[in-house]
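J.:
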Amino acid sequence: MKVATRPSACQWCGHEWETRVPEDPVCPKCKMTNSLIMWLKEHPEEEKYISNKTKAMKKK
């Protein structure tokens, strides 16, 4: 049985890849999920706890 996939783009670093449909996609480049990104938008003060590597990628 073929697994349904859809194109996905990371809202954090812009990386694009194919992801399985029912899952919350995890970006293979920066390891962020859409739900984590949405949560960070609601709690910007928590962003300092995300790794500096991820922050550097966001600034590009």
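Under the working numbering, think of the first position of the sequence shown as 295, with each following residue one higher. The beta-carbon is built from N, C-alpha and C at its ideal position, and this holds for glycine as well. Please read all numbers here as calculations on a predicted model, not as lab measurements.
List the whole-angstrom C-beta distance separating Asp318 from Ser329, where the pair is believed to meet the contact cut-off of C-beta under 8 Å.
T.: Rounded, the Cβ-Cβ distance is 5 Å, consistent with contact.
J.: Could you give the DSSP three-state label for Trp333: helix, strand or coil?
T.: In this structure, Trp333 counts as helix in the three-state DSSP scheme.
J.: Using the DSSP secondary-structure output, state which residues sit across from Trp311 in a beta bridge.
T.: Ser302.
J.: Using the DSSP secondary-structure output, state which residues sit across from Val320 in a beta bridge.
T.: Paired residue(s): Thr327.
J.: Apart from the five residues on each side of it in sequence, which residues of its chain come closer than 6 Å, Cβ to Cβ, to Gly320?
T.: The identity of residue 320 in the sequence shown is Val, whereas the question assumes Gly. Excluding sequence neighbours, Val320 sits near Thr327.
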